[in-house]
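The block underneath contains the structure these notes are about, expressed in structure tokens.
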Amino acid sequence: MKKIFSFAVCILAAAVLVGCGGEKTTLKVYNAGEYIDTTLLSDFENENNCNVVYETFDSNESMYTKVMSGEKYDIIIPSDYMIERLAKEGFLQEIDKNKISNYGEITDNLLSQPFDAENKYSVPYFWGSVGILYDSTKVSEEDLEDGWEILKNLKYKEDIYMYDSERDSFMIALKALGFSLNTHDKAELDKAYEWLIEQKEIVNPIYVGDEVIDSMISGNMAMAIVYSGDAAYIMSENPDMRYFEPSQGTNLWIDGMVIMKDSENTDLAHKFIDFMTRPENAMVNSEMVGYSSPVKPVFEELKETVYSEIEAYVPRQNGDKDEFFRYQDAETKKYCAELWTKVKAQ
Amino acid sequence: MLVRRIASLSKGLYVLLCFAFFYTPIFVTMIFSFNSSKSLTKFTGFSLRWYTQLIENSEIMSAVWVSVSVAALATAISTVLGTITAIGLSKSRKIIKEWLTNINNIPIMNPEIVTAIGLMLLFSAMKFEKGYLTMLLAHISFCTPYVITSVYPKVRGLDVNIANAAMDLGATPFQALTKVIVPMIKPGITAGMLLAFTMSFDDFVISYFVSGNGVMNISMIVYNMTKRTNPTINALSTIVIVVIFVAVLVVNVIPKLKNKKGRKINEKNI
Amino acid sequence: MRYFKNLVKPYIAWTAVMIVIPIFMMLLYSITNSGNSLVNIQFTFENFKRFTEPVYLSVFIKSIKLGLITVVICLVLGYALAYIISQFKESTQGVLILLVTIPMWINMLLRTYAWISLLSDNGIINAFLDKLGIGPIKMMYTDFAVMIGQICDFLPFMIIPIHTSLSKMDKSYVEAAYDLGANPVQTFFKVVFKLSIPGVLNGIIMVFLLSISTFVIPKLLGGGQYVLIGNLIESQFVSVGDWNFGSALSIVLAGIILFAIKWMKKIDTGEN
């Protein structure tokens, strides 16, 4: 018994020591999975003599749930519509742009978008679109003319990956039906729900998350719904893959860095944003993960060099049917969440 | 004769097949942890590259630390708590006995996910910051019932008079407890301790719901990493498997060796 | 010995906070609809009513069905193995049972992860089949993958209790049965199996409990559209954020398990 006690005491002492580990300040960053070159984090730690606690989420919705449950972060990197929601619900603090030395180099048309019209709360991190990644050896160009409806083509039964995310899946159905992806109309949402159910019955797609990346690199499925950046990365590894944005319109998105209101290290948080937007770091990051950089010179350079052959690095920018996601009121949100649970459970 | 042969052969074959089913995934994991490329199907050559990457990966290493330290602390605390409770329980009034054993059975009978959600609701209502401490408390909470269920039967089988005799001879209650009672119920305590350690070290579901702030144990980090092919997990797996294999062997073989020795000594004395 | 009566007090306090209060909180959440804050509570049975919608009912039915299939397969495979093991000499039995237990000690997630690399489309099994000239078979994200993962993880929980009751059995009963003229089949069903029923029931309860509530195995091996009760509950808490509905589902799940255990116990006492 004594032995157990002394063992416990030792462990406890060690745990306390590790827990306090010096007097470094800590920055808590919450980002989507597979969405950063992690060497940048240790560079940042060395540069500012601090600790970075880095956590990842698999969808904006699960991020939001975690924040609602009282978890505290300094920096979060959500998508546009989620930035709007967090700002409206008072979770964010204003960013002092004077502390972001490279702010002037950010691509103009990524700024002043309706989700953060005055650029108060967010600084763009990556941007892109949602589209279909397909294996050009398995999918015929003709079928692609159906746009999103190709996802219901019996030919590709059990050969399709959908993305395991509520808003992206509803976006596809809404666009396929010709509705706005920001609709509040329950009748339209019901139709989108039916579209997804019908798709499930016809082709039995698999809903996955980031598993899609390695799986499509090895060419496991004929088609997958992916973000443009993941598509760029996959295409750089597997030349058979192509990226396609249906003409019915798709979702354009901007993911931005935001500082939480209850952050106690506002200074360090600003430094983090400054660090990530510096051209050399933005370059490393964008090249590694494949997403389009909002820093103009970086984007222009990568477009011409590393990603010159890969169309997914340059998402469609002038499609008149493409839309950004907007804030959903609580009732619509709840309604969608319920439908989404049903789609998956069906 | 022939029929019997075939019967015993097919029995042996069946046992072999079952073990192949259990151990193939384990061996495959181990083999590919030494692969020089990222492939999980083609062995391209021997290398320790994934082990170096594992050691350099501070996220994984801290998860290993969390798993080990939480398991050790939770085991120590729940063993003490469970043992004293089991001893106290045997001397309590019948109504307390019944109630407490019933409540104690709840975490054992309940699906893990239900226990996990209950604890999560509790911690968030108390505005506890999720992390190491919440994880530890949760682990103590689901380990202690197992300790109690394995110690309690031993306590019940105990002769009451021995402890009384010790106290009559001048031992304090504490001495009677540690010097007399505990040694007698030691097998139960050890069994409970082992059970608590595995439960805690293995746990995913409860930790997943109650932890936060970047505190992750091995299961949680593996869950996060399964999305991408990553042979570092194989390296981690291999180390865990080898350590557990050795530990289980040591725990099971040493007592047997001791017994043999004891028997030999006894035989000599005779 | 009365000194020791007080030793039980710390744990009474502990269970009150860590076991009883959480259950009440879950009950409270399940009959309210106030979102995640407890400020303006409104009582409702809406959450339980929602559960009776066909979609959710079918999730429960699917989970129970899958749980039962897992139990049956584990029972057949596990009983056979436990029975064979129990016929070896005692020391060999020890070693074999140890070999059955070792995988249980290894992290469940690590074992499930190992199956991914075996079963995936470009995984080892398919590479092997390819060499034999058999085309790749899709195994990942199917019922098959989920079943394999569950059986591999839960089978030891069936084998061990059955083996325990078989090895405790008095061999003279078997001899007596033979002496009385029973054939091996009769002996097995009328004597051996009957005497091992407590172990069998224990194993059934364990495997059923584990397989009906898991959410990791279906998620990793079945994909996001493979929704069982566990996944449904998890998504309510992790991504959807409807804690009230999630709590209601948890309570229903706990109820099912409780019912199953009671029922098994009844069989157990009925048999004896």
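Residue numbers (my numbering), protein chains in the order written: chain P, 4 to 349; chain B, 5 to 274; chain G, 40 to 311. Think of the CB as a built atom: it goes at the ideal place given N, C-alpha and C, for glycine as much as any other residue.
Residues in the same chain with beta-carbon distance under 8 Å from P/E1, minus the five sequence neighbours each way, listed in chain order, please.
With chain P represented from 4 up to 349, any question about residue 1 of chain P goes unanswered, as that position is not in the structure.
Quick one: any contact between the region 138-156 of chain B and the region 70-85 of chain B, if contact means 3 or more CB pairs under 8 Å? They touch, by the three-pair rule.
Exercise for review: Spell out whether any CB of chain P is found under 7 Å from the CB atom of G/D313.
Suggested key: No information on residue 313 of chain G is available, as it lies outside the stretch 40 to 311 that chain G covers here.
Item to complete: Indicate the three-state DSSP secondary structure (helix, strand or coil) for P/Y164 in the structure shown.
Response: Reduced to three states, the DSSP call for P/Y164 is strand.
With H, G and I counted as helix, E and B as strand and the rest as coil, what does DSSP make of P/E326?
P/E326: strand per DSSP, three-state reduction.
Do B/I210 and G/I272 have their CB atoms nearer than 7 Å?
Taking 7 Å as the Cβ cut-off, B/I210 and G/I272 do not qualify as a contacting pair.
query = Under the three-state reduction of DSSP, which class applies to G/T181: helix, strand or coil?
reply = If DSSP states are grouped into helix, strand and coil, G/T181 belongs with coil.
| request: Mind listing the chain B neighbours of P/D217? Cutoff is C-beta to C-beta under 7 Å, in chain order. | output: Near P/D217 (Cβ distances below 7 Å), the residues of chain B are R232, T233.
query: Taking 7 Å as the CB-CB cut-off, is G/Q264 touching chain P?
result: Yes - at least one Cβ of chain P is within 7 Å of the one on G/Q264.
Cβ of P/D233 less than 7 Å from any chain B Cβ? Look at P/D233: its C-beta is not under 7 Å from any C-beta on chain B.
Exercise. Flag B/G216 as yes if its beta-carbon sits less than 7 Å from any beta-carbon of chain P, otherwise no.
Key: Look at B/G216: its C-beta is under 7 Å from a C-beta on chain P.
* To do: Hey, could you find the ends of the beta strand (DSSP E) P/I135 is sitting in?
  => Membership of P/I135 in the beta strand (DSSP E) is indicated by the continuous run 125-138.
Leaving out five residues before and five after B/K134 in sequence, what residues of the same chain have Cβ atoms less than 7 Å from its Cβ?
These residues qualify, in order along the chain: F127, V214, S215, G216, N217.
**Request:** Could you check which residue in P/K27, P/Y159, P/S311 has the C-alpha nearest to that of P/V56?
**Result:** Cα-wise, what sits closest to P/V56 is P/K27.
Indicate the three-state DSSP secondary structure (helix, strand or coil) for P/Y33 in the structure shown. Note: P/Y33 maps to strand in three-state DSSP.
Point to revise | P/I228 in three-state terms, based on DSSP | key: In the structure shown, P/I228 sits in a strand (DSSP, three-state: E or B).
If the criterion is Cβ atoms closer than 7 Å, does the pair B/T230 and G/Y152 meet it? The answer is yes: Cβ separation under 7 Å.
- request: For P/V12, collect the residues of the same chain with a Cβ closer than 7 Å to its Cβ; drop the 5 residues on either side in sequence, then sort them by chain order.
  value: With a pLDDT of 48 at P/V12, under the threshold of 50, the modelled position of this residue cannot be trusted, and the question is left open.
Short Cβ contact (7 Å threshold) for P/M226 with P/D40
Not a contact, by the Cβ cut-off of 7 Å.
**Study point:** Cβ-based burial, G/A184 [other Cβ within 10 Å; buried from 16]
**Key:** Buried, by the Cβ-count rule.
Mind checking which residues open and close the alpha helix (DSSP H) that includes B/D172? Segment 164-172, the alpha helix (DSSP H) holding B/D172.
**Message:** Can you tell me whether P/K158 is buried or exposed? The criterion is at least 16 other CB atoms within 10 Å of its CB, across all chains shown.
**Reply:** The residue in question, P/K158, is exposed, as its Cβ has fewer than 16 Cβ neighbours within 10 Å.
| field | G/D218 in three-state terms, based on DSSP | value | In the structure shown, the three-state DSSP call for G/D218 is helix.
Open item on the list: Please tell me whether P/G222 has its Cβ less than 7 Å away from any Cβ of chain B.
Closed with: The beta carbon of P/G222 does not come within 7 Å of any beta carbon belonging to chain B, so the residue lies off that interface.
Checklist entry - If B/I222 sits next to G/N146, beta carbons under 8 Å apart, how far is it from one beta carbon to the other, in whole angstroms? => result 6 Å between Cβ atoms; contact.
- Task: Return helix, strand or coil for P/I267, following the three-state DSSP convention.
- Result: This sequence places Glu at residue 267 of chain P; Ile is not what is there. Three-state result, P/E267: coil.
Fill in: Contact the region 103-113 of chain B vs the region 232-252 of chain B: 3+ CB pairs below 8 Å
In short, these stretches do not touch, since the Cβ pair count stays below three.
Smallest Cα separation from B/V159: which of B/S66, B/Y212, B/L140, B/S96?
-> When the alpha-carbon of B/V159 is set against those of B/S66, B/Y212, B/L140, B/S96, the nearest one is in B/S96.
request  = State the Cα-Cα distance for the pair B/F31 and B/S37, rounded to the nearest angstrom.
outcome  = Rounded to the nearest angstrom, the two C-alpha atoms are 10 Å apart.
Return the residue from the list P/I216, P/M260, P/Q251, P/V211 that minimises the CA-CA distance to P/D149. P/D149 has its Cα closest to that of P/Q251, out of P/I216, P/M260, P/Q251, P/V211.
Practice item. Use the C-beta contact count for P/N101: other C-beta atoms within 10 angstroms, 16 or more gives buried, fewer gives exposed. Key: P/N101 comes out exposed.
### Rounded C-alpha distance that separates P/D217 from G/K101
Going by the C-alpha atoms only, they are around 30 Å apart.
Discussion item. Once DSSP output is grouped into helix, strand and coil, what is the label at B/T233?
Written reply: Coil.
_Can you tell me where the alpha helix (DSSP H) holding P/N49 begins and where it ends?_
Annotation for P/N49: the continuous alpha helix (DSSP H) segment containing it runs 42-51.
Worksheet item: Under a CB-based cut-off of 7 Å, is P/S62 close to chain B?
Response: With 7 Å as the cut-off, P/S62 does not count as an interface residue toward chain B.
Checklist entry - Which word fits B/M5, buried or exposed, when buried means at least 16 other C-beta atoms lie within 10 angstroms of its C-beta? => result The residue in question, B/M5, is exposed, as its Cβ has fewer than 16 Cβ neighbours within 10 Å.
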